[in-house]
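Residue numbers (the numbering used here), protein chains in the order written: chain C, 187 to 508; chain G, 187 to 508.
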């Protein structure tokens, strides 16, 4: 963590709050010009960074500081899961108003620390400054065995399309948060999934280790938007069966389908599997359902098969703040 | 570079603008969930990130977009130089107003590309979004031979204190920029140093490779502030000789001394060397002067020796925007 003038005390507080208790691959973390970190021999590094900005990605008066801390790391780490890797360490760029340097910061750091421990991703450093609103940038460094990472390109016609878990719950949770008054509480599953998403690290690593998936990505912006990206990267199309979509049971079917197709921030994994490998997939992976929702087509367009026939699927990824 | 909805075209533009021409250690860069990168066997990684925010670190109507692009990478890379390492790749977090997505962005990317090539640091990815002002976060990944990195702790009483180059020029350049009208031009050395700083990568790596320096850091916030940090990390004090400070000849001596002691953003290296190793230091390293400005003391305070006697040196690092 680089130390800026008048902020040395703040940096020291953050360092104390995030200090790990386990043996570390860090030879030098917070408090020097930069962190020194030992990569594991034979691994590739996975590098990703993610904005998490007040007003764009969270609302200060709706999202508890603890959830902001958890989510900023969890969502960046989801990109590591999407490559089939394991997170190792992260860098935190934090700008915040002086008025938030007390209780808000403590709660933020508490949520961030819990995510850091749960995701086995230690804080290696960062940069802090003051701003009139909260700006967060998180960089996560992960690792994966060489040539095992799963990318977005490589899906072939005939591959089956799978998703983990249930789609649209986080979107529903955010609707509840917006409609509710004051600070949100994780009072039901949908709100919990919106506030405290859990990147599918174990599933991603398992698929990569066994070379089961031909492509993979995480669903951050909604299935219709993210599947279009996967298809574009692979030069293929896709056909989705509406009836197969794993959706929330807490809404009428048609509304739940809309959330499943376009709701964002589920951080579930979207992956394609060749027909032979598909037989090796369990229905559940450590309790997490794996659902076949359609297949890859040669024709480069996305269609969804409903009771009323086949319709073109427009990327309609739902950005909560658009 | 992660692709956000409505921003895929922007990401593609950035990727094209920053695409390298040389062989790369990147197996997968912009356009997937994350970048895949092969570290060099036997090296430690150096990880650092830096904010560069409109209004705090640069002024949109004073700093040319090209200089913003150059400087955001150069200053983050200076932390790699300060550890004695070599930069390898960077991640760019960029948020900008829609109105700047044309010419401003092109010029920004042009400056960033030049820095990327000059510093041998390729773009591995990033994240983009829209905001009402320009927000930049840069993460740089560097490498250093194991156990060769030079940290801030480890200075011993009797070690000599050295700085590279001339101190206070960038501070003077910023004063000129503030006093000037409209967009700044790099019309003299001080302005060039403020707008287009050059991290001292070759010197840092040379000192690390030969194990010549006991501690090192870069001077980003001003000598008085940064030397205090080095001394604190090492549990020592320092005595500076005012007359030895390498200062600009473009100002009266006393004013130049103030800039040399407290001016920020020079991105020169500050390092300590044991008395025996000091004899192995050249006066110039590839044309860059190396000046002994004082020595480390056991007593934990910073003093400066002037013609008028010995005075306590207060950390007065000059933050241009404070």
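The C-beta atom is built at its ideal place from N, Cα and C for all residues, glycine as well.
Exercise for the section: Ignoring anything shorter than 4 residues or poking outside the segment 373 to 397 of chain C, list the alpha helix (DSSP H) runs there in chain order. Expected result: Positions of the alpha helix (DSSP H) runs, each at least 4 residues long and wholly inside the segment 373 to 397 of chain C, are given as 375 to 381, 387 to 395 in order along the chain.
Practice task
Could you say which of G:320, G:381, G:230, G:461 lies nearest to residue 297 of chain G if we only look at CA atoms?
Solution key: The sequence position of residue 297 of chain G within the second chain is 111, counting from 1. Closest option to residue 297 of chain G, Cα to Cα, is G:381.
Practice task
Look at the alpha carbon of residue 299 of chain C and the alpha carbon of residue 404 of chain G, and state the distance between them as a whole number of angstroms.
Solution key: Here residue 299 of chain C refers to the residue found at position 113 when the first chain is read from its first residue. Here residue 404 of chain G refers to the residue found at position 218 when the second chain is read from its first residue. Approximately 30 Å, taken between the alpha carbons.
Handout entry: Length of the line joining the Cα atoms of residue 394 of chain G and residue 413 of chain C
Key = By one-based count along the second chain, residue 394 of chain G stands at place 208. By one-based count along the first chain, residue 413 of chain C stands at place 227. One C-alpha to the other measures close to 48 Å.
Practice task
Scan the segment 256 to 311 of chain C and note each continuous alpha helix (DSSP H) run of 4 residues or more that stays entirely inside, going in chain order.
Solution key: Entirely contained in the segment 256 to 311 of chain C, the alpha helix (DSSP H) runs reaching 4 residues are, in chain order, 289 to 304.
Exercise for the section: Could you round the C-beta distance between residue 453 of chain C and residue 261 of chain C to whole angstroms and report it? I think they count as a contact, below 8 Å. Expected result: Taking the first chain and counting its residues from 1, the one referred to as residue 453 of chain C is at position 267. Taking the first chain and counting its residues from 1, the one referred to as residue 261 of chain C is at position 75. At roughly 6 Å, the Cβ-Cβ gap stays under 8 Å, so residue 453 of chain C and residue 261 of chain C are in contact.
Practice task
Compute the beta-carbon to beta-carbon distance between residue 433 of chain C and residue 502 of chain C, rounded to the nearest angstrom, for a pair I have assumed lies under 8 Å.
Solution key: Taking the first residue of the first chain as position 1, residue 433 of chain C is located at position 247. Taking the first residue of the first chain as position 1, residue 502 of chain C is located at position 316. Cβ atoms of residue 433 of chain C and residue 502 of chain C stay farther apart than 8 Å, at about 15 Å.
Practice task
Taking all protein chains shown into account, decide if residue 226 of chain G is buried (16 or more other Cβ within 10 angstroms of its Cβ) or exposed.
Solution key: In the second chain, residue 226 of chain G corresponds to position 40, counting from 1. Under this definition residue 226 of chain G is an exposed residue.
Exercise for the section: In the DSSP assignment, find the unbroken beta strand (DSSP E) run with residue 213 of chain G in it and report its ends. Expected result: For the purposes of this step, residue 213 of chain G is identified with residue 27 of the second chain, where counting begins at 1. Start and end: 212 to 214.
Exercise for the section: Taking only beta carbons into account, state which residues of the segment 250 to 273 of chain C come closer than 7 Å to chain G, listed in chain order. Expected result: Within the segment 250 to 273 of chain C, contact with chain G at the beta-carbon level (separation under 7 Å) is assigned to 265, 266, 268, 269.
Practice task
Could you confirm whether any beta carbon from chain G is found closer than 8 Å to the beta carbon of residue 506 of chain C?
Solution key: The residue labelled residue 506 of chain C in the question sits at position 320 within the first chain. Reliability of the predicted coordinates at residue 506 of chain C is poor, the pLDDT of 38 falling under 50, and the value obtained from them is presented with this limitation in mind. Not one chain G Cβ lies under 8 Å of residue 506 of chain C.
Exercise for the section: Evaluate residue 288 of chain C with the Cβ neighbour count: other Cβ atoms within 10 Å of its Cβ, from every protein chain shown; 16 or more gives buried, anything less gives exposed. Expected result: Indexing the first chain from 1 puts residue 288 of chain C at position 102. Label assigned to residue 288 of chain C: exposed.
Handout entry: Chain-ordered chain G contacts of residue 536 of chain C [CB-CB under 7 Å]
Key = Any answer about residue 536 of chain C is impossible in this case: the structure gives chain C only from 187 up to 508.
Exercise for the section: Run the CB neighbour count on residue 250 of chain C, radius 10 Å, all protein chains shown included, and call it buried at 16 or more, exposed below. Expected result: Against the first chain, residue 250 of chain C aligns to sequence position 64. That one is buried.
Handout entry: Run of the beta strand (DSSP E) containing residue 346 of chain C, from where it starts to where it stops
Key = Taking the first chain and counting its residues from 1, one reaches residue 346 of chain C at position 160. Where residue 346 of chain C is concerned, the enclosing beta strand (DSSP E) starts and stops at 346 to 350.
Problem - Cutoff 8 Å: residue 458 of chain G Cβ touching any chain C Cβ - result: Sequence index remark: in the second chain, residue 458 of chain G carries index 272 (1-based). The beta carbon of residue 458 of chain G sits no closer than 8 Å to any beta carbon of chain C.
Problem - Alpha-carbon spacing of residue 496 of chain G relative to residue 489 of chain G, whole angstroms - result: By one-based count along the second chain, residue 496 of chain G stands at place 310. By one-based count along the second chain, residue 489 of chain G stands at place 303. Cα-Cα distance, rounded: 6 Å.
Exercise for the section: Could you check the C-alpha separation between residue 369 of chain G and residue 314 of chain G for me, to the nearest Å? Expected result: Translated into positions along the second chain, residue 369 of chain G becomes position 183. Translated into positions along the second chain, residue 314 of chain G becomes position 128. Take the alpha-carbon of residue 369 of chain G and the one of residue 314 of chain G: they are about 26 Å apart.
Problem - Cβ neighbour criterion (16 or more within 10 Å) applied to residue 230 of chain C - result: Numbered from 1 along the first chain, position 44 holds the residue referred to as residue 230 of chain C. By the neighbour-count rule (16 or more Cβ atoms within 10 Å), residue 230 of chain C is buried.
Exercise for the section: Using the DSSP secondary-structure output, state which residues sit across from residue 531 of chain C in a beta bridge. Expected result: Because residue 531 of chain C is not part of the residues shown, which for chain C are 187 to 508, the question remains open.
Problem - Selected residue, minimal CA-CA separation from residue 317 of chain C, among G:240, G:308, G:418, G:294 - result: Mapped onto the first chain, residue 317 of chain C falls at position 131. For residue 317 of chain C, the nearest C-alpha among the options comes from G:240.
Problem - residue 340 of chain C: contacting residues in chain G (beta-carbon distance under 9 Å) - result: Numbered from 1 along the first chain, position 154 holds the residue referred to as residue 340 of chain C. Under the 9 Å cutoff, chain G gives no residues; its nearest Cβ is about 11 Å from residue 340 of chain C.
Problem - Same chain only: Cβ atoms within 7 Å of residue 172 of chain C, ignoring 5 sequence neighbours per side - result: What is shown of chain C runs 187 to 508, which leaves residue 172 of chain C out entirely.
Exercise for the section: Give the straight-line distance between the Cα atoms of residue 349 of chain G and residue 224 of chain G, rounded to the nearest whole angstrom. Expected result: The residue labelled residue 349 of chain G in the question sits at position 163 within the second chain. The residue labelled residue 224 of chain G in the question sits at position 38 within the second chain. Rounded to the nearest angstrom, the two C-alpha atoms are 34 Å apart.
Practice task
Please classify residue 243 of chain G: is it buried, with 16 or more other beta-carbons within 10 angstroms of its beta-carbon, or exposed?
Solution key: Within the second chain, the letter at position 57 stands for residue 243 of chain G. A buried status is given to residue 243 of chain G, since no fewer than 16 other beta-carbon atoms sit within 10 Å of its beta-carbon.
Handout entry: Residues of the segment 297 to 309 of chain G whose Cβ lies closer than 9 Å to any Cβ of chain C, in chain order
Key = Those residues of the segment 297 to 309 of chain G that come within reach of chain C (Cβ to Cβ, closer than 9 Å) do not exist; the list is empty.
Handout entry: Where the alpha helix (DSSP H) through residue 445 of chain C begins and ends
Key = In the first chain, counting from the first residue as 1, residue 445 of chain C sits at position 259. The continuous alpha helix (DSSP H) containing residue 445 of chain C extends over residues 439 to 448.
Exercise for the section: Taking C-beta pairs closer than 9 Å, name the residues in chain G that residue 423 of chain C reaches, listed in chain order. Expected result: Translated into the one-based positions of the first chain, residue 423 of chain C becomes position 237. What residue 423 of chain C touches in chain G: nothing, since even the nearest Cβ is about 17 Å away.
Problem - Of the residues C:387, C:364, C:483, the one placed nearest residue 474 of chain C, counting alpha carbons only - result: Here residue 474 of chain C refers to the residue found at position 288 of the first chain. Relative to residue 474 of chain C, the option among C:387, C:364, C:483 whose CA is nearest is C:387.
Problem - Interface flag, residue 478 of chain C vs chain G, CB-CB below 8 Å - result: For the purposes of this step, residue 478 of chain C is taken as the residue at position 292 of the first chain. Taking Cβ atoms only, chain G never reaches closer than 8 Å to residue 478 of chain C, which makes this a no.
Exercise for the section: Report the three-state DSSP secondary structure of residue 228 of chain C (helix, strand or coil). Expected result: Working through the first chain from its first residue, we reach residue 228 of chain C at position 42. Reduced to three states, the DSSP call for residue 228 of chain C is coil.
Practice task
Examine the Cβ distances between the segment 328 to 339 of chain G and the segment 461 to 468 of chain G and report whether three or more of them are shorter than 8 Å.
Solution key: Segment contact: the segment 328 to 339 of chain G against the segment 461 to 468 of chain G, fewer than three CB-CB distances shorter than 8 Å; contact not assigned.
Exercise for the section: Answer with buried or exposed for residue 391 of chain C, where buried requires no fewer than 16 other C-beta atoms within 10 angstroms of its C-beta. Expected result: Indexing the first chain from 1 puts residue 391 of chain C at position 205. Residue 391 of chain C counts as buried, since no fewer than 16 other beta carbons sit within 10 angstroms of its beta carbon.
Practice task
Would you verify that the beta carbon of residue 190 of chain G is, or is not, closer than 8 Å to some beta carbon of chain C?
Solution key: Translated into the one-based positions of the second chain, residue 190 of chain G becomes position 4. With a pLDDT of 49 at residue 190 of chain G, under the threshold of 50, the modelled position of that residue is not reliable, and the figure given next carries that caveat. Taking Cβ atoms only, chain C reaches closer than 8 Å to residue 190 of chain G, which makes this a yes.
Practice task
Following the continuous alpha helix (DSSP H) through residue 405 of chain C, name the residue where it begins and the one where it ends.
Solution key: Here the question's residue 405 of chain C lines up with position 219 in the first chain. Taken as a continuous stretch (DSSP letters only), residue 405 of chain C belongs to no alpha helix (DSSP H), being part of the beta strand (DSSP E) at 401 to 405.
Exercise for the section: Tell me whether residue 408 of chain C sits in a helix, a strand or coil according to DSSP, three-state version. Expected result: Taking the first residue of the first chain as position 1, residue 408 of chain C is located at position 222. Of the three classes helix, strand and coil, the one that applies to residue 408 of chain C here is coil, per DSSP.
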